[in-house]
Amino acid sequence: MAEEIIRAYPDAKIILTIREDEERWLRSFLDTLWYNYTTWSHWFLRNVDSQWREQGAFLSPFYERFHGDPVAHGLRVYREHKAVVQRVTEPKERLLVYDVNQGWGPLCAFLQQHVPTENFPKTNGVDDHRALFGAGRRKALKAWASNAMLKRGLPVILTAVLWMFRSRVVSSIRAGLAQIGLRPRR
1 MAEEIIRAYP
11 DAKIILTIRE
21 DEERWLRSFL
31 DTLWYNYTTW
41 SHWFLRNVDS
51 QWREQGAFLS
61 PFYERFHGDP
71 VAHGLRVYRE
81 HKAVVQRVTE
91 PKERLLVYDV
101 NQGWGPLCAF
111 LQQHVPTENF
121 PKTNGVDDHR
131 ALFGAGRRKA
141 LKAWASNAML
151 KRGLPVILTA
161 VLWMFRSRVV
171 SSIRAGLAQI
181 GLRPRR
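Residue 36 in our numbering sits at position 36 of the sequence shown, and the numbers go up by one each step.
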């Protein structure tokens, strides 16, 4: 996937983020991206919501590279990705191999931007990631439930109300006819 994107945007600068400790990267991946991708709500939304289905179709080739077992295949996939990005990015000046622990300096120099005075943010922890993705899934599930209620639930409720109303009206008419000695035809 990276190869196609890099070739599709030949003038783009490429930032390859790496981790010094590959095992730590794998633990982080398992606790964030893989965790979110394998929740029941993510699976459900991919099957009922077109936007999530499109996102799933886009991301599936990436996740399929793990063959369902990121523990066994994670480091291989990580290393292959790094190698592909480094191999296909030409000229080499458009590639920054970057560890976020390096802070603003290399990133800003590569992007030809001034270094901010604020400290480099550290907001991609497991809790932050799960909260962000969890909020997105909850919002999508609420929207789906609301939409499903309007499209499917409301007609069912209206039909039931009309049936109950009709039943009461018919029962009232039959009761009234019976009081005056008339029997309705069947």
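Here a beta-carbon is modelled for each residue, glycine too, at the ideal position from N, C-alpha and C.
{"Item": "Out of Arg19, Ala2, Gln102, point me to the one whose CA is closest to Asn119's CA.", "Value": "Gln102"}
{"Item": "Considering only their Cβ atoms, is the gap separating Ala2 from Val85 smaller than 7 Å?", "Value": "yes"}
{"Item": "Going by DSSP in three states, Leu96 sits in which element: helix, strand or coil?", "Value": "strand"}
{"Item": "So what does DSSP say about Leu182, is it helix, strand or coil?", "Value": "coil"}
{"Item": "How close, in whole Å, do the beta carbons of Val97 and Ile18 come, if the pair is a contact with beta carbons under 8 Å?", "Value": "6 Å"}
{"Item": "Within the region 135 to 175, note down every full beta strand (DSSP E) run reaching 3 residues or more, in order along the chain.", "Value": "none"}
{"Item": "Would you identify the three-state DSSP class for Ile14, choosing helix, strand or coil?", "Value": "strand"}
{"Item": "Could you tell me the alpha carbon to alpha carbon distance between Phe62 and Leu75, rounded to whole angstroms?", "Value": "14 Å"}
{"Item": "Ignoring anything shorter than 3 residues or poking outside the region 105 to 140, list the beta strand (DSSP E) runs there in chain order.", "Value": "none"}
{"Item": "Indicate whether Gly144 and Val48 have their beta-carbon atoms separated by less than 7 Å.", "Value": "Per the sequence presented here, residue 144 reads as Trp, with Gly not at that position. Against a cut-off of 7 Å, the Cβ pair of Val48 and Trp144 comes out as a contact."}
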